[in-house]
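K.L.:
Just remember that the numbering used here sits 49 ahead of the position in the sequence shown, which is counted from 1.
Mind looking over this structure? Questions follow.
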Amino acid sequence: MNSIAQALKKAQDEVLHINPISQSVPDFDLVAAYRLAADIQTRRVAAGARFLGRKIGFTNPQLWTQFGVDAPIWGAMYDHSVIQMKEGQVACDLASFSEPKIEPEIVLHFHKTPVGASTPEDLLSCIDWVAPGFEIVQSHFPGWRFTAADAVADGSLHGALLLGPPHPLQALGDDAAACLEMLTVSLSCSGQLRETGSGANVLGNPLNAVLHLIHELARDGMAPIEAGELITTGSMTSAFSVSPGEQWNAAFMHVPFDEICVSFE
50 MNSIAQALKK AQDEVLHINP ISQSVPDFDL VAAYRLAADI QTRRVAAGAR
100 FLGRKIGFTN PQLWTQFGVD APIWGAMYDH SVIQMKEGQV ACDLASFSEP
150 KIEPEIVLHF HKTPVGASTP EDLLSCIDWV APGFEIVQSH FPGWRFTAAD
200 AVADGSLHGA LLLGPPHPLQ ALGDDAAACL EMLTVSLSCS GQLRETGSGA
250 NVLGNPLNAV LHLIHELARD GMAPIEAGEL ITTGSMTSAF SVSPGEQWNA
300 AFMHVPFDEI CVSFE
């Protein structure tokens, strides 16, 4: 697997295509994929990258058939892949991404380690702020054709997190869990509405996505979520391909988030 890790990291760093690993490793499964992703993470951290948190992918069951998966996956985020918006706006150079797509997401920041968390209320006691964001997802496998294990190995398709303005959890009101479930987002490209989604599209509630992640990490003996981590919870809409010259906006209802905007170059 060492040579595969080197080849995949090179593809990620140099924006290259490679064949899906599952084509050359017939028994390549999720266990092997997470081990491979951890190897690449170790290499990145050793080279100076700082781990900031995790992205959860395929939390919207509407996407499962499209990509041939049947459960969420997760991957690492780093200081070079998390980009803070300024007043809800950001420019993004697509030359750094392979076949990029955009997803509007809800981002959670943990100020405490969610030890033993098993309910949304347990999680909320460990979260100090929430934010809207765009995740730029990408595939180094041509045409977005891969197995779930291939996707996990490729960083769970993480390209970048464009992080919108943070809001204290208290801004969501007395029932933050209900707010996260009921919020809606309208995703537009260059003034044309592409799709409307909601927090309920994310495993029923973005908090459910985090609970699923906690369970998966514990089951697989992986490092748990720790204080200071960012977790982006998955797309509330379909994933849309993006191109230079486009401007994408996400407008929210039933939650005190301002509209966010990215201009692609």
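Cβ coordinates follow ideal geometry from the N, Cα and C atoms, glycine included.
Can you name, in chain order, every residue of its own chain whose Cβ lies under 6 Å from the Cβ of Leu-173, other than the five neighbours on each side?
P.N.:
As a first step, residue 173 must be located in the sequence shown, where it is residue number 124. So the qualifying residues of the chain are Ala-225.
K.L.:
When the Cβ atoms of the region 233-248 are set against those of the region 205-222, are three or more pairs found closer than 8 Å?
P.N.:
They do not touch, by the three-pair rule.
K.L.:
Of the residues Met-50, Ser-145, Ser-73, which one's Cα is nearest the Cα of Glu-314?
P.N.:
For this step, residue 314 is matched to residue 265 along the sequence shown. Nearest of Met-50, Ser-145, Ser-73 to Glu-314, Cα basis: Ser-145.
K.L.:
Could you give the C-beta distance for Val-251 and Ile-280, rounded to a whole number, given that I count them as a contact under 8 Å?
P.N.:
Numbered from 1 along the sequence shown, position 202 holds the residue referred to as residue 251. Numbered from 1 along the sequence shown, position 231 holds the residue referred to as residue 280. Contact flag wrong, Cβ pair sits at about 12 Å.
K.L.:
Okay, do the region 306-313 and the region 122-138 touch, 3+ Cβ pairs below 8 Å being the bar?
P.N.:
At 8 Å Cβ cutoff, the stretches touch.
K.L.:
Along the chain, where does the alpha helix (DSSP H) that runs through Gln-13 open and close?
P.N.:
Lying before the first or after the last residue shown, residue 13 is absent from the chain, which here runs from 50 to 314.
K.L.:
Measuring only the C-alpha atoms, how far is Ala-276 from Phe-100?
P.N.:
If you number the sequence shown from 1, residue 276 lands on position 227. If you number the sequence shown from 1, residue 100 lands on position 51. Roughly 12 Å separates the two Cα atoms.
K.L.:
The alpha helix (DSSP H) that contains Arg-92, what's its start and end?
P.N.:
Within the sequence shown, residue 92 is the residue found at index 43, counting from 1. 79-95 is the span of the alpha helix (DSSP H), which, as asked, contains Arg-92.
K.L.:
With the cut-off set at 8 Å, would you say Glu-152 and Thr-286 are in Cβ contact?
P.N.:
As a first step, residue 152 must be located in the sequence shown, where it is residue number 103. As a first step, residue 286 must be located in the sequence shown, where it is residue number 237. Cβ atoms of Glu-152 and Thr-286: closer than 8 Å.
K.L.:
Can you give the Cα-Cα distance for Ala-87 and Ala-267, rounded to whole angstroms?
P.N.:
Against the sequence shown, residue 87 aligns to sequence position 38. Against the sequence shown, residue 267 aligns to sequence position 218. Going by the C-alpha atoms only, they are around 15 Å apart.
K.L.:
Check the DSSP bridge columns for Ser-284 and list the partner residues they point to.
P.N.:
Start at 1 with the first residue of the sequence shown, and residue 284 comes out as number 235. Ser-284 is bridged to Glu-154.
K.L.:
Since Val-259 is in the alpha helix (DSSP H), which residue starts that stretch and which ends it?
P.N.:
Reading the sequence shown from its first residue, position 210 is the one you call residue 259. Note, Val-259: alpha helix (DSSP H), 255-268.
K.L.:
Just to confirm the assignment, what range does the alpha helix (DSSP H) spanning Asp-177 have?
P.N.:
Walking along the sequence shown from the start, residue 177 turns up at place 128. It is not in any alpha helix (DSSP H) - Asp-177 instead sits in the beta strand (DSSP E) that spans 176-186.
K.L.:
Please identify the residue among Pro-163, Glu-148, Ser-247, Ser-130 whose C-alpha is closest to the C-alpha of Ile-67.
P.N.:
Numbered from its first residue, the sequence shown carries residue 67 at position 18. Ranking Pro-163, Glu-148, Ser-247, Ser-130 by Cα distance to Ile-67 puts Glu-148 first.
K.L.:
Please state whether DSSP places Lys-59 in a helix, a strand or coil.
P.N.:
Counting from 1 along the sequence shown, the entry for residue 59 is found at position 10. DSSP places Lys-59 in helix when its eight states are reduced to three.
K.L.:
Is DSSP giving Glu-244 helix, strand or coil here?
P.N.:
Looking up residue 244 in the sequence shown gives position 195. Correct three-state label for Glu-244: strand.
K.L.:
Counting along the chain, where does the beta strand (DSSP E) carrying Thr-233 start and finish?
P.N.:
Counted from its first residue, the sequence shown places residue 233 at position 184. 233-238 is the span of the beta strand (DSSP E), which, as asked, contains Thr-233.
K.L.:
Identify which residue in Met-231, Ser-71, Val-291, Pro-169 has its Cα closest to the Cα of Met-302.
P.N.:
Taking the first residue of the sequence shown as position 1, residue 302 is located at position 253. Selected option, being the one with the closest Cα: Met-231.
K.L.:
With distances taken Cα to Cα, identify the nearest neighbour of Met-126 among His-207, Ala-197, Leu-57.
P.N.:
Along the sequence shown, one-based indexing puts residue 126 at 77. Cα-wise, what sits closest to Met-126 is His-207.
K.L.:
Tell me where the beta strand (DSSP E) around Gln-296 begins and ends.
P.N.:
For the purposes of this step, residue 296 is taken as the residue at position 247 of the sequence shown. Start and end: 296-302.
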